[in-house]
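**Q** Here's a structure for you.
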Amino acid sequence: MHRILAAYYFVTCDSEDNGTWKGRSGSAFRGLIFHLFYGNCFQELADYLCCLQFLETAFSVEASDLLLEYYSLLFEERRTGSSEALRKIDFPLLSSFYDFVARNLHIFQIYPDLVMQQALNEPSDSLVKLNLQKKDLYKSPVVECLSVYDNDPRIATLRGFFKNITSASCQKVSSRAFLGSEDGYLKVLDFPSKKIVRSVKSHSSAITFICSAGKDRICTASTDTTLSIWSTVDYSRISVLKGHKHIVSCCCADASSTILLSSGWDNSVRLWSLRDGSSISVIDFRCPVNCIDHHPTKQQVACGLWSGNVEIWDTVSLEKQLTLSSSCSSVKSIVYTLDGLNLITSYMNSDVTIWSSEQGLKMSCLKGHVLPVKSISYSPEGDKIISGSDDCTLKVWPAESGLSVRTFSECKFFPISVLEIITPNHLAVGYQNSDIWVMDMDTGFVTTKMSLEADLVSCFSRFDPLTYASKNTEENWVDLSVVFGTKSGKIMVGNLRTSEITTVGTINARITAIIHNVRVIVCGSSEGDIGLFSYPEMNSKIVTGAHGGSVTALNLFARDENVWVITAGSDKVIKLWEIDYEELVMKEEFFSKHYDYVTCCSSYPDCVNLETYLTGSHDNNIISQNKFSDKTVYEGLKTSVVNIASTDKYVLGCGSDGSVAMWSEEGTLLSYISGVEQSSVVLSFRVDKDISGEFDITLAFVDRDGSVKIRKPNQRSFSYSLEGHNRGITSCCTSQNGEILSCSLDGTVNLWKIPEQMEDSHPEHLASITDICLSVTQNEVISSDAYGNVVIWKLTLSADVPLMYAGKKTYTGGFVKALSLLQDKKLVCAVTQAADGGDKHFIDVLYFDCSASDNNSIYNFQVKNSHYLDSEVLCLDASLKTETVVVGLKSGNFVIITSDIKKTFNISDDWVLGVKLSSHSVDSAEFIFTSLLNGTVKRIETEEALKNVNTIRASMEEIQCPDLGNIPVFISAFCCASFDIVYCGDSQGWLRRYSSAPISKKIHGDSITGIAVCGRYVFTCSLDKTLKGWNSALNQVCLFHSSVPITSLVGCEMVLTSSVSTYILVIGTSSGAIQLLKFHDKQST
444 MHRILAAYYF VTCDSEDNGT WKGRSGSAFR GLIFHLFYGN CFQELADYLC CLQFLETAFS
504 VEASDLLLEY YSLLFEERRT GSSEALRKID FPLLSSFYDF VARNLHIFQI YPDLVMQQAL
564 NEPSDSLVKL NLQKKDLYKS PVVECLSVYD NDPRIATLRG FFKNITSASC QKVSSRAFLG
624 SEDGYLKVLD FPSKKIVRSV KSHSSAITFI CSAGKDRICT ASTDTTLSIW STVDYSRISV
684 LKGHKHIVSC CCADASSTIL LSSGWDNSVR LWSLRDGSSI SVIDFRCPVN CIDHHPTKQQ
744 VACGLWSGNV EIWDTVSLEK QLTLSSSCSS VKSIVYTLDG LNLITSYMNS DVTIWSSEQG
804 LKMSCLKGHV LPVKSISYSP EGDKIISGSD DCTLKVWPAE SGLSVRTFSE CKFFPISVLE
864 IITPNHLAVG YQNSDIWVMD MDTGFVTTKM SLEADLVSCF SRFDPLTYAS KNTEENWVDL
924 SVVFGTKSGK IMVGNLRTSE ITTVGTINAR ITAIIHNVRV IVCGSSEGDI GLFSYPEMNS
984 KIVTGAHGGS VTALNLFARD ENVWVITAGS DKVIKLWEID YEELVMKEEF FSKHYDYVTC
1044 CSSYPDCVNL ETYLTGSHDN NIISQNKFSD KTVYEGLKTS VVNIASTDKY VLGCGSDGSV
1104 AMWSEEGTLL SYISGVEQSS VVLSFRVDKD ISGEFDITLA FVDRDGSVKI RKPNQRSFSY
1164 SLEGHNRGIT SCCTSQNGEI LSCSLDGTVN LWKIPEQMED SHPEHLASIT DICLSVTQNE
1224 VISSDAYGNV VIWKLTLSAD VPLMYAGKKT YTGGFVKALS LLQDKKLVCA VTQAADGGDK
1284 HFIDVLYFDC SASDNNSIYN FQVKNSHYLD SEVLCLDASL KTETVVVGLK SGNFVIITSD
1344 IKKTFNISDD WVLGVKLSSH SVDSAEFIFT SLLNGTVKRI ETEEALKNVN TIRASMEEIQ
1404 CPDLGNIPVF ISAFCCASFD IVYCGDSQGW LRRYSSAPIS KKIHGDSITG IAVCGRYVFT
1464 CSLDKTLKGW NSALNQVCLF HSSVPITSLV GCEMVLTSSV STYILVIGTS SGAIQLLKFH
1524 DKQST
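The sequence shown runs 444 to 1528 under our numbering.
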């Protein structure tokens, strides 16, 4: 009977009997699958489940709800049965299709037309892709992803849950995990079989947390205000704990498993006896408690609060031990490390922070997520940290402190005498054989090699950008030079392009300290002399015997619009000098309050009027002192202080062992990062500030093997970004064998397996992509991110890796807002960068080429000139024809920059969200198009705007727009298709065409982030993770689904054959990934 019914349903599903599966009855497809299996027609069922046309139709008629179950049933029949039909099934192919459907089920249920396309975008060794290419089944048009990752660490996806899984916990000595769902059910997952083996009703509403409660017991917490203790032997309920008056947010047991602790939104943490379930005591708070974790050995509990603070309490005396204060928002998750020395917390603002649980000091911050981090877990070995976020990703971080940026192995063949980080991107190395190398820390290559004659470098100079800060491009010699002093007393400048060395002046003693800005070089000698040299004018002034011993430290600072120098010597005297018309005039002097020599010094930036200065010494301390008030001592470093930095709230010091400490203004130690292992006495620190005002620290040191290593002591980079969920992650945990389990609001549970040896590789972008552009030759892709990185990629469609990393420029402490190509190999970028006086906003004109590199595949960026602006840049565009740059500002102004004019126009009180330069043709006039916050689009001819030099208010023509109705408009993407057609996308997912025939259409489920007009198509991307293609009537022609939100888009048209137009699209995502897509238009001629 089953076979008869299967034949009946087959006729309905594929009436033409040619494998096209044109039937539109969902019940017929479900009936066909059911009766094929129970009629023992296993080979036919396997053939259909490995047929992409069948799967596409099944998804389109909503008959896919049990597909994965039938795959599993066939595998089970293979294990238990011996039918002859089973032997004819290609089980490797069936398994490949099962994995394919499981990974993409959430996409196919929404977009069934993507079955063929997703098969085409499978890894190269996928049997699904090979089967598709072999039969040439894919339809036109499709979007093919060329940058496909062949390694998918996901080993299983579990679906079919009635309600979302909200919590998960893995047993330490078992192969099972426990899942808690929104409907209050407790489910038991068996890892080997990847199946739910038990489900029991635990609570009347959602389970918020699951923890171990001793041997063979677990505890569940719920929004129904109760906790339940369960036996893991027979899964019976042992007891119910009642006492909370609001949601129970978290629970944990102490190290001895005799006391259970629970936190709730009733502003309390309760302690319970695990022997009889009785309430022991209550700790009250002033706000809800989101999460708790008990110390692995001590009687302490860490409580994460709604206010953003973490409080550590003694569970015996019920006294508060520590408060970890943070400026971040609500604490979402908290966990102790396995040894209990550190505490990891995650916050609503996406930060993940590591604290010292003993001193309450902030150790480092894990940056990589873009939305709140809801769950943190540790691997069983303690070598990995796993975080799950609302951005749909899991990040796997190394547990070891510090971010390894670069290793220069070629340095190990020569003994190194001195090194210095001279710019945020360059490291200068002086060798004992008189050679000087300048290394690019972004690319890892040597940019310049120089050599001295019968002399050695004694110290390199650091450039001081704060004094005599100039916007004159003629003074950019500092970008192309390395300044250093020698043991014979010479002050020299080396040209990074030509490798030529110029002697600026001489002091008859070894140079011990040196610093420079765009106009002067100041140095000190071992005989106590101080020299002032102007460059490139080559004037000099030497003060002989300025100190009674060697000059040990000096620095520049600004006061009353003049440049001052602070110097310290081995005579323990600190002197202040004013530079007055290339003269050094001593104004003040006072004795150091250190017990040893001063090694570094600086002015306290917000205390200039009080004449306060910071000094570091060989006595391991930093002192803020002046001649009027008592000193403040900053203690905590264990070795000599080699660098000092400060803000209006914090003081930071770096030790000679590579350690870093930070204090409050009052001298309270806030954080301490231990030094590097296998370090040498030869090291260099550079401290900058990022856009949020935090310190960005770079350490360069010589390792014991002689190589030079670059490290970010206060940062860590994730080793893996696991992308497979469609909505936010609610919980994650790790099993005893290293498998990662994650639960999501998309209704799925994923299992992941990470390689035992994580590669020492780091993504080039660690933050959301902000903009992308293509070079004129279409051989390079340039991308930027929210962490101040500009990365160039080589584009080679015929290569196995079509996008190859080829260079980087980093604006330390910056945020790159936008990019635009000015010429071939010439780029403009808009940057907001942190500075002591507040954020600075500027446009940089960059050249990129590979001629200055040892490796022809690596490009170097060089700043041609900079243009500073008085407001934050929101957008920019540049003209390849006239080399005109147009910049849109937050103030409502736009700026036009040409080779000889820089002019600012005011067009609105609203933000200028988009600017584009466009013209009818190559020979016609050029127009500036702008989009404003209120949704209006205007244009003006460029020459007309520049005609009247005195005009500051621009009168612009408004382009006809579609009826916006009552929908609030926030323009999030902007593109000019032609002189009279402009496309705008908004934050609600609407695409609007501004023209003589305006159109408005809802095309995405979230904000539109990019628009590209290529040939006769318009492509759009969105935070809803999709890229879509449209024809001139805004009818959809193609679709691509990303695993994470898409934040930027660029595209171009290529004709590969006479009959096929191909569109190359490059997208950037919120996780920092760059993907290369290819759209085939087989309809074109």
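Beta carbons are placed, not taken as given, at the ideal position from N, Cα and C, and that holds for glycine.
Quick check: residue 1374 and residue 1422, are their CB atoms within less than 9 angstroms of each other?
**A** no
**Q** Name the residue from 1233, 1142 and 1116 whose alpha carbon lies nearest to the alpha carbon of residue 802.
**A** 1116
**Q** With 16 other CB atoms within 10 Å as the buried threshold, where does residue 1368 fall?
**A** exposed
**Q** Do you know offhand how far residue 484's Cα is from residue 490's?
**A** 10 angstroms
**Q** Hey, which unbroken runs of the alpha helix (DSSP H) at 4 residues or more fall wholly within the stretch 1281-1357?
**A** none
**Q** Alpha carbon to alpha carbon, what distance is there between residue 1424 and residue 1440?
**A** 9 angstroms
**Q** Three-state secondary structure (DSSP) at residue 513?
**A** helix
**Q** Can you give the Cα-Cα distance for residue 1144 and residue 1155, rounded to whole angstroms?
**A** 11 angstroms
**Q** Can you tell me the Cβ-Cβ gap for residue 1233 and residue 1259, rounded? I've got them flagged as a contact below 8 angstroms.
**A** The Cβ separation is near 6 angstroms, so the contact holds.
**Q** Considering only the alpha carbon of each residue, which of 1175, 1325, 1327 and 1348 lies closest to residue 1336?
**A** 1348
**Q** If residue 821 and residue 780 are in contact, beta carbons under 8 angstroms, what's the gap, nearest whole angstrom?
**A** 7 angstroms
**Q** Checking 9 angstroms against the spacing of the C-beta atoms, do residue 1257 and residue 886 come in under that value?
**A** no
**Q** Check whether the Cβ of residue 871 lies closer than 9 angstroms to any Cβ atom in chain D.
**A** You won't find chain D in this structure, because it holds only one protein chain.
**Q** Do residue 666 and residue 648 come within 9 angstroms of each other at the CB atom, strictly closer than that value?
**A** yes
**Q** Okay, do the stretch 856-870 and the stretch 1182-1199 touch, 3+ Cβ pairs below 8 angstroms being the bar?
**A** Contact fails: fewer than three Cβ-Cβ distances are below 8 angstroms.
**Q** Buried or exposed: which applies to residue 1284, given that a residue is buried once 16 or more other Cβ atoms fall within 10 Å of its Cβ?
**A** buried
**Q** If you run the structure through DSSP and keep just helix, strand and coil, what is residue 751?
**A** Coil, per DSSP.
**Q** What residues match up with residue 1077 in a beta bridge as DSSP calls it?
**A** 1065
**Q** Alpha carbons only, please: which of 1448, 1127, 1075 and 1124 is nearest the one belonging to residue 1106?
**A** 1075
**Q** Between the stretch 925-936 and the stretch 1305-1317, can you find at least three pairs of beta-carbon atoms closer than 8 angstroms?
**A** The stretch 1305-1317, when compared against the stretch 925-936, does not touch it at the 8 angstroms Cβ threshold.
**Q** Does residue 1062 pass the burial test, meaning 16 or more other C-beta atoms within 10 Å, or should it be called exposed?
**A** buried
**Q** If contact is defined by three or more beta carbon pairs under 8 angstroms, each pair taking one atom from either stretch, is the stretch 1457-1471 in contact with the stretch 1481-1491?
**A** yes
**Q** Where in the stretch 682-731 do unbroken runs of the beta strand (DSSP E), each at least 3 residues long, occur, reported from the N-terminal end onward?
**A** 691-696, 702-707, 711-716 and 722-727
**Q** Buried or exposed for residue 687, going by 16 or more other Cβ atoms inside 10 Å?
**A** buried
**Q** Taking the beta carbon of residue 451 as the centre, do at least 16 other beta carbons fall within 10 Å, making it buried, or is it exposed?
**A** exposed
**Q** At which residues does the beta strand (DSSP E) containing residue 397 begin and terminate?
**A** A query on residue 397 cannot be resolved here, the shown segment of the chain reaching from 444 to 1528 and no further.
**Q** Just the C-alpha distance for residue 456 and residue 468, rounded to the nearest angstrom, thanks.
**A** 7 angstroms
**Q** For residue 496, which residues of its own chain have a beta-carbon under 8 angstroms away from its beta-carbon, when the five flanking residues on both sides are left out?
**A** 462, 463, 464 and 580
**Q** On the three-state DSSP scale, how would you describe residue 474?
**A** It is helical.
**Q** For residue 1058, is the classification buried or exposed, using 16 other Cβ atoms within 10 angstroms of its Cβ as the cut-off for buried?
**A** buried
**Q** What do you get for residue 790, buried or exposed, if any count of 16 or more other CB atoms within 10 angstroms of its CB means buried?
**A** buried
**Q** I'd like to check one pair, residue 1162 with residue 841: are the Cβ atoms closer than 9 angstroms?
**A** Taking 9 angstroms as the cut-off, the Cβ atoms of residue 841 and residue 1162 count as close.
**Q** The beta strand (DSSP E) that contains residue 882, what's its start and end?
**A** 878-883
**Q** Using DSSP bridges, identify the partner residues of residue 1187.
**A** 1172
**Q** In the DSSP output, what is residue 1141 paired with across the bridge?
**A** 1129
**Q** What separation, rounded to the nearest whole angstrom, lies between the Cα atoms of residue 936 and residue 895?
**A** In this structure, the CA atom of residue 936 is about 12 angstroms from the CA atom of residue 895.
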